[in-house]
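For the sequence shown, the numbering used here assigns the number 536 to the last residue and increments by one with no breaks. Every residue gets a Cβ at the ideal spot worked out from N, C-alpha and C, and that includes glycine. For reference, the structure is listed below as structure tokens.
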Amino acid sequence: MKTGRRIIMYILWIILGVTLLALNIAEKLDSFWSGMGTSLILISILQLVRLIRLNKDEKYRQTVEVETNDERNRFIRNKAWAWAGYLFILIVSVLVIVLKVVGLDQLSIIASFGVCLMLVLYWGSYLILRKKY
Numbered sequence: 404m405k406t407g408r409r410i411i412m413y414i415l416w417i418i419l420g421v422t423l424l425a426l427n428i429a430e431k432l433d434s435f436w437s438g439m440g441t442s443l444i445l446i447s448i449l450q451l452v453r454l455i456r457l458n459k460d461e462k463y464r465q466t467v468e469v470e471t472n473d474e475r476n477r478f479i480r481n482k483a484w485a486w487a488g489y490l491f492i493l494i495v496s497v498l499v500i501v502l503k504v505v506g507l508d509q510l511s512i513i514a515s516f517g518v519c520l521m522l523v524l525y526w527g528s529y530l531i532l533r534k535k536y
């Protein structure tokens, strides 16, 4: 995405965040939305600062490009995602059993649906990627 479009997008996110925060202050929305608005504002400001630094500092830009495009870093990121997925499945699977034993049946069912969703997403991605590669 071009720099001008990114700047516009981040400014729009800031406007949305300010709007959500203002609506919460006016007591039109609950505190969840003020937290969401504050997060949008902060993240957008940080991204704008990062984008400005990328455009002004050539050495920083080269460092970021190498880090983003390097094969080793891509491999490590993909491996980290795989580990995160495995750990998520294991932790939530144990949580399903613990919640059932404790008597929180509804939470156990919701957690088991989360595990099922992850497995369906995994298999769907696997089938698509198997055909692609």
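Helix, strand or coil at Gly364 [DSSP, three-state]
Residue 364 lies beyond the stretch modelled for the chain, which goes from 404 to 536, so this question has no answer here.
Cα-Cα separation, Asp460 to Leu454
Numbered from 1 along the sequence shown, position 57 holds the residue referred to as residue 460. Numbered from 1 along the sequence shown, position 51 holds the residue referred to as residue 454. Distance from the CA atom of Asp460 to the CA atom of Leu454, rounded to whole angstroms, is 10 Å.
Could you spell out the range, first to last residue, of the alpha helix (DSSP H) harbouring Ala514?
Residue 514 sits at position 111 when you count from the first residue of the sequence shown. Residues 508 to 535.
Looking at C-alpha atoms only, which residue of Asn427, Val499, Gly407, Gln450 is the closest neighbour of Ile417?
The residue given as residue 417 occupies position 14 in the sequence shown. Ranking Asn427, Val499, Gly407, Gln450 by Cα distance to Ile417 puts Gln450 first.
Would you call the CB atoms of Leu419 and Leu443 closer than 7 Å?
Here residue 419 refers to the residue found at position 16 of the sequence shown. Here residue 443 refers to the residue found at position 40 of the sequence shown. Yes. Within cutoff.
Terminal residues of the continuous alpha helix (DSSP H) containing Lys459?
Position 56 of the sequence shown holds residue 459. Note, Lys459: alpha helix (DSSP H), 434 to 459.
Ordered along the chain, which non-local residues of its own chain (more than five positions away) have a Cβ less than 7 Å from that of Thr406?
Taking the first residue of the sequence shown as position 1, residue 406 is located at position 3. Cβ-Cβ distances below 7 Å link Thr406 to Leu454, Asn458 in the same chain, with the five nearest sequence neighbours on each side left out; the list follows chain order.
Tell me, to the nearest whole angstrom, how far the beta carbon of Val495 is from that of Gly517; I am working on the premise that it is less than 8 Å.
Counting from one through the sequence shown, the residue named residue 495 turns up at place 92. Counting from one through the sequence shown, the residue named residue 517 turns up at place 114. In this structure Val495 is in contact with Gly517, their Cβ atoms being roughly 6 Å apart against a cut-off of 8 Å.
For Ala425, report the span of its alpha helix (DSSP H) as first-last.
On the sequence shown, residue 425 is found 22 positions in, with the first residue counted as 1. Its alpha helix (DSSP H) spans residues 406 to 428.
With a Cβ-Cβ cutoff of 7 Å, do Ser515 and Val504 count as a contact?
Residue mapping note: residue 515 aligns to position 112 of the sequence shown, counting from 1. Residue mapping note: residue 504 aligns to position 101 of the sequence shown, counting from 1. No, Cβ-Cβ distance for Ser515 and Val504 is not below 7 Å.
Go through its chain and collect everything with a Cβ distance to Leu432's Cβ below 8 Å, but skip five positions before and after it.
Counting from one through the sequence shown, the residue named residue 432 turns up at place 29. Contacts found: Leu423, Leu426.
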